[in-house]
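Student: Below you'll find the structure I mean.
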Amino acid sequence: MCYIRASMSNVFQKQHEEHQTARQIMDNLEEMFGEQTIQAKTDAIKGLMNCRQKVGTPIKEHMMKVMAYLSEAQTNRAEIDSATQLVMVFQTLSKDFNLFQACYNLNRKEMSLTELMKELQAFENIF
């Protein structure tokens, strides 16, 4: 609890003097700033769901954008498992990657977003 108070500005320290536990301080901070977190999470997920790869956009550039949305959502407490992340990524890809998606669905190989990006880049270079 001392560490939390020491890292706060003087104004916040004064506001939290009556709190006896770190949990009370964290709950109060969540109450103060929680709405911002919810809005940031909503904006990131909305951005991801509206994101579509434009024709001619390199897959690496597109994947970096998608991964940034996912990272922002998770930073703001969105819980998105890896399988759902992959499904979300596939929804953003152009039709040029339909064959890749079909092959992926047949094999159902587990992979991280970085591994997926590398596989998509290899596919992009072939076709």
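Counting in our numbering, the sequence shown runs from -9 upward without gaps.
Backbone N, C-alpha and C fix where the C-beta goes; we use that ideal spot for every residue, glycine too.
1) When you compare only the Cα positions, how much space is there between S99 and Q26?
2) Grab the span of the alpha helix (DSSP H) containing T82 for me, first residue to last.
3) Taking contact to mean 3 or more Cβ pairs, one atom from each stretch, closer than 8 angstroms, check whether the stretch 110 to 117 and the stretch 69 to 78 are in contact.
4) Report the three-state DSSP secondary structure of G37 (helix, strand or coil).
5) Cα separation between K31 and K50?
6) How big is the Cα-Cα spacing for S61 and M107?
7) Classify A92: buried if its beta carbon has 16 or more other beta carbons within 10 angstroms, exposed otherwise.
8) Would you tell me roughly how many angstroms separate the C-alpha atoms of K36 and V45, rounded to the nearest one?
9) Does L89 pass the burial test, meaning 16 or more other C-beta atoms within 10 Å, or should it be called exposed?
10) Less than 8 angstroms between the CB atoms is what I'm expecting for Q43 and H52, so what's the real figure, rounded?
Tutor: The answer reads as follows:
1) Note on identity: in this sequence residue 99 is Lys, with Ser being the wrong assignment. Cα to Cα, the separation comes out at about 37 angstroms.
2) 72 to 82
3) no
4) helix
5) 24 angstroms
6) 15 angstroms
7) exposed
8) 21 angstroms
9) exposed
10) 4 angstroms
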